[in-house]
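Structure, as C-alpha cells:
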Amino acid sequence: MSILYDIMEVAIYSVLGIALMMLGNFLIDLIIPCSFPEEIKRGNKAIGFVSAGTNIGVGMLLKAAISSPAASSAKESLLVGIGGSVLYFVIGIVFFMIGYLVIRFFNKQYNLNDEVGCGNTAAGIMVAGIFIGLANVISGVIA
2 MSILYDIMEV
12 AIYSVLGIAL
22 MMLGNFLIDL
32 IIPCSFPEEI
42 KRGNKAIGFV
52 SAGTNIGVGM
62 LLKAAISSPA
72 ASSAKESLLV
82 GIGGSVLYFV
92 IGIVFFMIGY
102 LVIRFFNKQY
112 NLNDEVGCGN
122 TAAGIMVAGI
132 FIGLANVISG
142 VIA
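In this note's numbering, the protein residues as written are 2 to 144.
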C-alpha cells in the first residue's frame, strides 16, 4: 500500500507544483508591464530570456518549498506538508518579486522594464540572470 501512497503524493505535489508555477509566472509578469504572450508572438527575444529566467527561478523556489525541512518533516499529514510547501513558496515568490524591484530601483542607468519591452536582448539576459540569482539565494534560505 505504501507504493500507492507514494504515487499519489507525487501526483499531488506535481499538480500543486504546476499550479504554483503558473501562479508565480503570472505574479512576476505583473512587475514587468508588457504582454508576455504578445511579445513572444512578436519574436521579442528579450522577453523570451526573461520568461526562461522566470521559469527557472520559480522552479527553483518550488523545489525548495516542496523539499523544505518543515514540509518534509510533516510526514504525518499530507495536508500539513502541502500547506508548508505553499507557505514557503508564497514567501519565496514575494521576496523574489521584492528583490527584482529593489534591484530595478537602484539601477538608475536604464529602465530594465522598458529595455526588455523594446526587445533589448542584453537586458532580457540580465533580467533572466537576476531572477535565477535571486531564486538561487532565496531557495537556499528556504531549503
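Quick reminder that beta carbons are idealized off the backbone N, C-alpha and C, glycines included.
Pair within 9 Å by beta-carbon distance, residue i and residue j
i           : j           : result
residue 145 : residue 33  : An answer regarding residue 145 cannot be provided, because it is not within the stretch 2 to 144 covered by the chain.
residue 51  : residue 125 : yes
residue 136 : residue 68  : no
residue 139 : residue 65  : yes
Euclidean distance between Cα positions of residue i and residue j
i           : j           : result
residue 41  : residue 3   : 44 Å
residue 43  : residue 55  : 19 Å
residue 23  : residue 37  : 13 Å
residue 134 : residue 49  : 17 Å
residue 13  : residue 110 : 45 Å
residue 10  : residue 86  : 13 Å
residue 122 : residue 47  : 4 Å
residue 7   : residue 17  : 15 Å
residue 116 : residue 21  : 28 Å
residue 28  : residue 106 : 18 Å
residue 108 : residue 30  : 19 Å
residue 88  : residue 80  : 12 Å
Buried versus exposed, by CB contacts within 10 Å (16 or more), residue i
i           : result
residue 5   : exposed
residue 129 : buried
residue 141 : exposed
residue 97  : buried
residue 112 : exposed
residue 45  : buried
Pick from the options that is closest to residue i, judged by C-alpha positions
i           : options           : result
residue 132 : 26, 82, 78 and 15 : 26
residue 19  : 31, 35, 7 and 63  : 63
residue 104 : 83, 127 and 39    : 127
*Is the segment 46–65 close to the segment 82–97, with three or more CB pairs under 8 Å?*
yes
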